[in-house]
Amino acid sequence: MKKLDYYLSLDYPILIRKMKRDEAGTDEPRYIAQIPLIKGLLAEGETRQAALANLEHVKRLAFELMLKQGKEIPEPVFEDDLKAVA
Numbered sequence: 109m110k111k112l113d114y115y116l117s118l119d120y121p122i123l124i125r126k127m128k129r130d131e132a133g134t135d136e137p138r139y140i141a142q143i144p145l146i147k148g149l150l151a152e153g154e155t156r157q158a159a160l161a162n163l164e165h166v167k168r169l170a171f172e173l174m175l176k177q178g179k180e181i182p183e184p185v186f187e188d189d190l191k192a193v194a
């Protein structure tokens, strides 16, 4: 089984979006950063940078737990990887 550092070094595609006011529950701007490849892996922050930093922390915790439980961690696949297989 691959180690935590291996998965943390992978370049997962990240989606960042600004939350709507009613969704955030505040007048202050909030952002959500998520890794769509891994269900439920998301974090929020007051800025894009804060959301990304929080996502890195959540990703580490999630990957540690998944490895401890023996669950498979999906690896990102990029267009260049697909061309190499074809």
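Position 13 of the sequence shown, counted from 1, bears residue number 121 in the numbering used here, the numbering being contiguous throughout. We put the CB at the ideal spot given by N, CA and C, even for glycine. Here the structure is a predicted model, which means the values were calculated and not measured.
Check whether residue i and residue j have beta carbons under 9 angstroms apart
{"i": "Arg129", "j": "Ala141", "result": "no"}
{"i": "Tyr139", "j": "Ile122", "result": "no"}
{"i": "Lys126", "j": "Ile181", "result": "no"}
Whole-number beta carbon distance between residue j and residue i, since they are thought to touch under 8 angstroms
{"i": "Leu116", "j": "Leu175", "result": "Leu116 to Leu175, Cβ: 11 angstroms. No contact."}
{"i": "Glu164", "j": "Glu136", "result": "The Cβ separation is near 22 angstroms, so there is no contact."}
Minimum C-alpha distance to residue i - residue among the options
{"i": "Tyr120", "options": "Ala151, Met109, Lys126, Lys167", "result": "Lys167"}
{"i": "Asn162", "options": "Ala151, Ala170, Phe171, Leu169", "result": "Ala151"}
{"i": "Gly177", "options": "Leu160, Leu169, Leu145", "result": "First, the residue type needs correcting, since residue 177 is Gln and not Gly in the sequence shown. The residue with the shortest Cα to Cα distance from Gln177 is Leu169."}
Enclosing beta strand (DSSP E) for residue i [first to last residue]
{"i": "Tyr139", "result": "139–142"}
First and last residue of the uninterrupted alpha helix (DSSP H) at residue i
{"i": "Lys167", "result": "156–176"}
{"i": "Leu116", "result": "112–117"}
Residues near residue i in its chain [Cβ-Cβ closer than 8 angstroms; skip 5 each side]
{"i": "Phe171", "result": "Leu112, Tyr115, Leu116, Ile181"}
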